[in-house]
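What the sequence shown shows, in mature numbering (1 follows the signal peptide of the UniProt record, and there is no 0), is residues -23 to -1, 1 to 105, in sequence order. One structure is given here, and the rest of the page talks about it.
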Amino acid sequence: MHLSHTLILTILACGLTAAPARAGDRLTGWTRVGSVYERVSLTEGNQAMCASLCDEQSQCRSWVWTPPGLEGVDGQCTLLASTPAPRRAPQRVTGLASDIAAQIEAASERRPSAREIAALQATLPGPH
């Protein structure tokens, strides 16, 4: 059974779609590739320290924590200047800079604008 165009638009306009994962969530078993501007070896580090390093630098948009023993004796914190899509990578952890996560959260909570609703309507088959 297909939902009517009006019902789909109503659901989208009211924000009743399934909630996405929170933007600030850390993804265990994932990495990001590209836009690396710095790699930091941390002898006593962990993923929380890596996230903090990212938050301290205005250039950082996302980070990847590689635990000790996976790519050397020390843990590795990789800082990225963009937010590439995550890819599966056992034992690694990735996350977004706090300011990027906050922007995503704010955008996900607002209602679609009239322009966005019109664009969504244009993608639906049949008369509008």
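Cβ atoms here follow ideal geometry from the backbone N, Cα and C, with glycine treated the same way. Just so it is clear, the structure is predicted and the values come from calculations on it, not from any experiment.
Legend entry - alpha helix (DSSP H) segment containing C31, residue limits: Q24 to D32
Legend entry - For S39 and L57, believed in contact at Cβ under 8 Å, the rounded distance: 5 Å
Inset, instruction - May I ask you to report which of helix, strand or coil DSSP gives S85? - result: helix
Inset, instruction - Spatial neighbours of S12 within its chain, please: CB distance less than 7 Å, with the 5 preceding and 5 following residues excluded, ordered by chain position. - result: L57, A58, S59 and P61
Legend entry - Supposed close pair G52, N23 - CB separation, criterion 8 Å: 7 Å
Inset, instruction - Reducing DSSP to helix, strand and coil, say where A(-1) ends up. - result: Confidence is the limiting factor: at A(-1) the pLDDT is only 49, short of 50, which leaves the residue's position unreliable, though a coordinate-based value still follows. Reduced to three states, the DSSP call for A(-1) is coil.
Legend entry - Proximal residues to W7 (C-beta, below 8 Å), its chain only, five neighbours per side dropped: P63, R64, R65, A66, R69, V70 and T71
Legend entry - Cβ-based burial, T20 [other Cβ within 10 Å; buried from 16]: exposed
Legend entry - Burial state of L73, where buried means 16 or more other Cβ atoms lie within 10 Å: buried
Legend entry - Delimiting residues of the beta strand (DSSP E) encompassing L19: V13 to L19
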